[in-house]
Structure formats: C-alpha cells, structure tokens
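> Once you've had a glance at the structure underneath, I'll fire off some questions.
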Amino acid sequence: MIVYSLKCDNSHEFEGWFASGAAFDEQAASGKLVCPVCESRRIGKAPMAPSVAGTKRTMPAADEVKKMRQFMTGMRKYIKENAEYVGKKFPEEARKIHYGETEERHIYGEATLKEAKDLVEEGVDVAPLPPDLDEQAN
Ligand SMILES: [Zn+2]
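Residues 13 to 150, numbered by my numbering, are exactly what the sequence shown covers, in order.
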C-alpha cells in the first residue's frame, strides 16, 4: 500500500491509499478519484511540503563590512601619521633600521613582492599596508 497526499482543483487536501503508484495513476486517469469535500474529480498529488531550512545568514552583515573598512582606514591613517614615507628606498631603509645602521623609526614605502619576501626572510619586520578602500572605490 502507498499513501498519497491528494488535492482537488478546489484545493481540498486529503489522503488516498493505493495498491501502488500505478494504481493511483490508473484511478486518477479513469476519474475514479473523487474529492470527499466537493466531489470534484480533478484530483492530483499534492506537492510535497517544501523543506524549510534554517534562516541562518551566511553573508557578512553590512555593519561588519563597515567595521572592517573603518579598521583598515584607521590603520592607514595611523601609519601615515606615525611613520616616515621613504618611497622606493623602503627595502634599503628597512634593512638599515633592522641592522642598526640608522635611527630606529617607523617607515613605510614601496617594495616589490620579491623585495618584501627577502626582507621577511632576513628577519626584517615588514607588513603590507592595508589597501585604501576609499581610494579604490573612486
Ligand atoms: Zn475538493
């Protein structure tokens, strides 16, 4: 035996028991199925109830993105206010500071990826400057 949720064309839902799926098809096709409420003969299988998933959101909330932007912008501002810009001389200056050949201070500037890797391998403390999101947006 097999049980189906059935629905007539007036949206009455009821259960029907059949020997098999084929038996249902046969009875439905020959008009033997009758709605117990309105006696309609237009009967179909009711759609399965959609499985309702949790409503957990996986996208980061807008305020988290905003906080991140504020953090990065603040970091850039801090660096620009507290460090000396040395431009392309950055790898050279960073090394001098690291080896005590010049005054110890915060610097920032430009380095290629390879230069930055070499510095890190030598133990020089360097970190990429966070991207300026506001500039990139323009
Ligand atoms: Zn009905």
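Ideal Cβ positions, reconstructed from N, Cα and C, are used throughout, including at glycine.
Say yes only if the C-beta of Ser52 is nearer than 6 Å to one or more non-hydrogen atoms of ligand 1, and no if none qualify.
It does: the Cβ of Ser52 is within 6 Å (strictly closer) of some heavy atom of ligand 1.
> Near Lys126, what residues of its chain come up, given a Cβ to Cβ distance below 7 Å and the 5 sequence neighbours on each side ignored?
Cβ within range, chain order: n/a, list empty.
> In the DSSP output, which residue or residues are listed as bridge partners for Lys126?
DSSP lists no partner for Lys126.
> Does ligand 1 have a heavy atom nearer than 6 Å to the CB of Val46?
Incorrect: Val46 has no Cβ contact closer than 6 Å to ligand 1.
> Can you determine whether any heavy atom of ligand 1 sits closer than 6 Å to the C-beta of Val49, and answer yes or no?
The answer is yes for Val49.
> Report yes or no: do the region 99 to 113 and the region 71 to 81 share at least 3 C-beta pairs separated by less than 8 Å?
Verdict: no, contact absent.
> Using 8 Å for Cβ pairs, my map puts Gly121 next to Val98. What's the rounded Cβ distance?
Sure, about 4 Å apart at Cβ, within 8 Å.
> DSSP three-state label for Val132, please.
Correct three-state label for Val132: helix.
> In angstroms, rounded to a whole number, what distance separates the CA positions of Gly56 and Met13?
Going from the Cα of Gly56 to the Cα of Met13 covers about 18 Å.
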